[in-house]
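Novice:
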Amino acid sequence: MVSLKRHFKFLIFVAIVAVVVVLSAFSFTAMWEDPPIIPGSGVTEIRMLSEWLPSIEGTMLDTEVYVINGSEDGGKFLLLGGTHPNEPGGTLAAVVFIENVSAVSGTIYVIPRSNHSAFTHNDAMEGSPQFFSIQLPDGSQRVFRFGSRRTNPISQWPDPTIYLHPTGATLGGGEVSNLNRTFPGREDGYSTEKVAAAIMNLVLEEEIDLVCDLHESSPEYPVNNAIVFHQDSAELAIMTQMMLEMEGVDIRLEESPVNLRGLTHREIGDNSDAQVVLLEVSNPSQGRLRGKTTEDLVTKGIDKFYLQASKDG
Numbered sequence: 298m299v300s301l302k303r304h305f306k307f308l309i310f311v312a313i314v315a316v317v318v319v320l321s322a323f324s325f326t327a328m329w330e331d332p333p334i335i336p337g338s339g340v341t342e343i344r345m346l347s348e349w350l351p352s353i354e355g356t357m358l359d360t361e362v363y364v365i366n367g368s369e370d371g372g373k374f375l376l377l378g379g380t381h382p383n384e385p386g387g388t389l390a391a392v393v394f395i396e397n398v399s400a401v402s403g404t405i406y407v408i409p410r411s412n413h414s415a416f417t418h419n420d421a422m423e424g425s426p427q428f429f430s431i432q433l434p435d436g437s438q439r440v441f442r443f444g445s446r447r448t449n450p451i452s453q454w455p456d457p458t459i460y461l462h463p464t465g466a467t468l469g470g471g472e473v474s475n476l477n478r479t480f481p482g483r484e485d486g487y488s489t490e491k492v493a494a495a496i497m498n499l500v501l502e503e504e505i506d507l508v509c510d511l512h513e514s515s516p517e518y519p520v521n522n523a524i525v526f527h528q529d530s531a532e533l534a535i536m537t538q539m540m541l542e543m544e545g546v547d548i549r550l551e552e553s554p555v556n557l558r559g560l561t562h563r564e565i566g567d568n569s570d571a572q573v574v575l576l577e578v579s580n581p582s583q584g585r586l587r588g589k590t591t592e593d594l595v596t597k598g599i600d601k602f603y604l605q606a607s608k609d610g
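Quick note on numbering: the working numbering labels position 7 of the sequence shown as 304, and the sequence is numbered without any gaps.
1. For G295, collect the residues of the same chain with a Cβ closer than 8 Å to its Cβ; drop the 5 residues on either side in sequence, then sort them by chain order.
2. H462 to S582, Cα distance in whole Å?
3. Comparing alpha-carbon positions, which option in S338, I599, D567, P409 lies nearest G444?
4. Just how far apart, CA to CA, sit F323 and D331?
5. Provide the residue(s) that pair with E624 in DSSP beta bridges, ordered along the chain.
6. Is the Cβ-Cβ distance between A466 and R563 less than 7 Å?
7. From which residue to which residue does the beta strand (DSSP E) around D609 run?
8. Please name the residue or residues paired with N366 in a DSSP beta bridge.
9. For the beta strand (DSSP E) holding M345, just list the boundary residues, first then last.
10. Could you spell out the range, first to last residue, of the alpha helix (DSSP H) harbouring G469?
11. Going by Cα to Cα distance, which pick from M328, T591, S347, G378 is closest to E423?
12. If we ignore side chains and look at the alpha-carbon of each, how far apart do M267 and G372 end up?
13. With C-beta atoms as the reference, is L511 less than 7 Å away from G598?
14. I'd like the list of long-range same chain contacts for D600, defined as Cβ closer than 7 Å, with 5 residues on each side in sequence excluded.
15. Compare the C-alpha of G339 against each of A391, M345, E551, N366 and name the closest.
16. Give a yes or no on whether the C-beta atoms belonging to A495 and L350 are separated by under 7 Å.
17. Quick one: what does DSSP say V440 is sitting in, helix, strand or coil?
18. What does DSSP give as the partner residues of S430 in its beta bridges?
19. Can you tell me which of the three DSSP states K373 falls into?
20. Identify every residue that forms a DSSP beta bridge with Y460.
21. Note the first and the last residue of the continuous alpha helix (DSSP H) segment covering R611.
22. Check the C-beta distance from T375 over to I505 and give it rounded, since I have them as a contact under 8 Å.
23. Using 8 Å as the threshold, is the region 410 to 417 in touch with the region 448 to 455, meaning 3 or more CB pairs across them?
24. Just the Cα atoms here: how many angstroms apart are S543 and V508?
25. Thinking C-alpha only, which one of F325, A312, W329, F394 is nearest I335?
26. Near G660, which residues of its chain fall below 7 Å by C-beta distance, leaving aside the five closest residues on each side in sequence?
27. Could you compute how far the alpha carbon of R478 sits from the alpha carbon of E552?
28. Taking the beta strand (DSSP E) that E551 falls in, what are its first and last residues?
29. Quick check on the DSSP output: the alpha helix (DSSP H) that includes T537 runs from which residue to which?
30. Q427 to R439, Cα distance in whole Å?
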């Protein structure tokens, strides 16, 4: 009789675990579906990143490249959003471009989900929401994903203890899953390196003139509210800062460190003729001083602990 009771309790425990696993699986896989992006009238073509590296076709790594062609010849501009999918400002800015911008001349390429795989999961141990929503003028809600800084382990695992970058620099092993540490990439390397290589191929084959990579960071991060520029893009960055200040926007300039490897502004600038800048703005949802990471924190950026820290100096 005692044995039967033990077996019964064990079966109940197994059943509860199975229910939790199934419910968790539904929750996790919900992030695998891409929220819709509605191309505006300016979008003339939607291509896939795998056109520039066929080996990623049909995988979580492949992602849309929205092309906006002007009616006249001109320069070529690549806008990268979602390099870090837990920095939603960059993704949303890219989506705004896709849905609203038209080109008079030249060509704009927009990749709103640069590290597509990293949109399909959250950073572990951070307690971040899987999704956040924005209320539209008609009262409806538009939902976006709050992803991870790193590629989904389903796409790339395990990471090495030490990451040997193509330049010979050594980085922490986890950085091989960080798209903004793996440029210019390797076509036959880790999954994240393949994404970087595909973007690099796009820059070279399409003869891109200007690349802008969009990011968010914690309020305490030293490089914040800044234009980070490759040395070849110094004049462009200075002129941009002056124009923004005339519009009342206060933004700093940060020169790309020569020995900090793997970043877009360093490696694309070194390995192509494109001028490259990275834009960094603040969001408390990235910070270490924040409280609970909620949708409101992500979208409104107000956190009582950061307010208190600001008062305390």
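By construction, the Cβ of each residue, glycine as well, lies at the ideal position given by its N, Cα and C atoms.
Specialist: Here's the rundown:
1. The structure shown does not extend to residue 295, since the chain spans only 298 to 610, so no value can be given for it.
2. Reading the sequence shown from its first residue, position 165 is the one you call residue 462. Reading the sequence shown from its first residue, position 285 is the one you call residue 582. If you take the alpha carbons of H462 and S582, they lie about 29 Å apart.
3. Here residue 444 is taken as the residue at index 147 of the sequence shown, counted from 1. Among S338, I599, D567, P409, the Cα nearest to that of G444 is on P409.
4. Counting from one through the sequence shown, the residue named residue 323 turns up at place 26. Counting from one through the sequence shown, the residue named residue 331 turns up at place 34. Using only the alpha carbons, I get a separation of about 15 Å.
5. The displayed coordinates of the chain run from 298 to 610. Any statement about residue 624 would go beyond what the structure contains.
6. Start at 1 with the first residue of the sequence shown, and residue 466 comes out as number 169. Start at 1 with the first residue of the sequence shown, and residue 563 comes out as number 266. Their beta carbons are not under 7 Å apart, which means A466 does not touch R563 by this criterion.
7. Taking the sequence shown and counting its residues from 1, the one referred to as residue 609 is at position 312. No beta strand (DSSP E) contains D609, which is instead part of the alpha helix (DSSP H) from 601 to 609.
8. Your numbering for residue 366 matches position 69 in the sequence shown. Answer is T404.
9. As a first step, residue 345 must be located in the sequence shown, where it is residue number 48. Looking at the DSSP string, the run of the beta strand (DSSP E) that includes M345 is 342 to 345.
10. Looking up residue 469 in the sequence shown gives position 172. Looking at the DSSP string, G469 is not in any alpha helix (DSSP H); the run it does join, the beta strand (DSSP E), is 467 to 469.
11. Working through the sequence shown from its first residue, we reach residue 423 at position 126. Taking only the C-alpha atoms, the option nearest E423 is T591.
12. Any answer about residue 267 is impossible in this case: the structure gives the chain only from 298 up to 610.
13. For this step, residue 511 is matched to residue 214 along the sequence shown. For this step, residue 598 is matched to residue 301 along the sequence shown. No.
14. As a first step, residue 600 is located in the sequence shown; it is residue number 303 there, counting from the start. Only P581, R587, G588, L594 meet the Cβ criterion.
15. The residue labelled residue 339 in the question sits at position 42 within the sequence shown. When only C-alpha atoms are compared, the closest one is N366.
16. In the sequence shown, counting from the first residue as 1, residue 495 sits at position 198. In the sequence shown, counting from the first residue as 1, residue 350 sits at position 53. Yes, these two residues count as a Cβ contact at 7 Å.
17. Working through the sequence shown from its first residue, we reach residue 440 at position 143. Note: V440 maps to strand in three-state DSSP.
18. Looking up residue 430 in the sequence shown gives position 133. Per DSSP, V440.
19. As a first step, residue 373 must be located in the sequence shown, where it is residue number 76. Three-state DSSP puts K373 in a strand.
20. Within the sequence shown, numbered from 1, the residue matching residue 460 stands at position 163. L468.
21. Shown here, the chain extends from 298 to 610; a query on residue 611 therefore has no answer.
22. Start at 1 with the first residue of the sequence shown, and residue 375 comes out as number 78. Start at 1 with the first residue of the sequence shown, and residue 505 comes out as number 208. Checking the sequence, you will find Leu at residue 375 rather than Thr. Contact flag correct, Cβ pair sits at about 5 Å.
23. Short answer: they touch.
24. For the purposes of this step, residue 543 is taken as the residue at position 246 of the sequence shown. For the purposes of this step, residue 508 is taken as the residue at position 211 of the sequence shown. Checking the displayed sequence, the identity of residue 543 turns out to be Met instead of Ser. Their Cα atoms are separated by approximately 23 Å.
25. The residue labelled residue 335 in the question sits at position 38 within the sequence shown. Of F325, A312, W329, F394, the residue nearest in Cα terms is F394.
26. The structure shown does not extend to residue 660, since the chain spans only 298 to 610, so no value can be given for it.
27. Your numbering for residue 478 matches position 181 in the sequence shown. Your numbering for residue 552 matches position 255 in the sequence shown. Approximately 17 Å between the Cα atoms of the pair.
28. Locating residue 551 in the sequence shown gives position 254, where the first residue counts as 1. E551 -> beta strand (DSSP E) spans 549 to 552.
29. Taking the first residue of the sequence shown as position 1, residue 537 is located at position 240. 531 to 543 is the span of the alpha helix (DSSP H), which, as asked, contains T537.
30. Taking the sequence shown and counting its residues from 1, one reaches residue 427 at position 130. Taking the sequence shown and counting its residues from 1, one reaches residue 439 at position 142. Cα-Cα distance, rounded: 14 Å.
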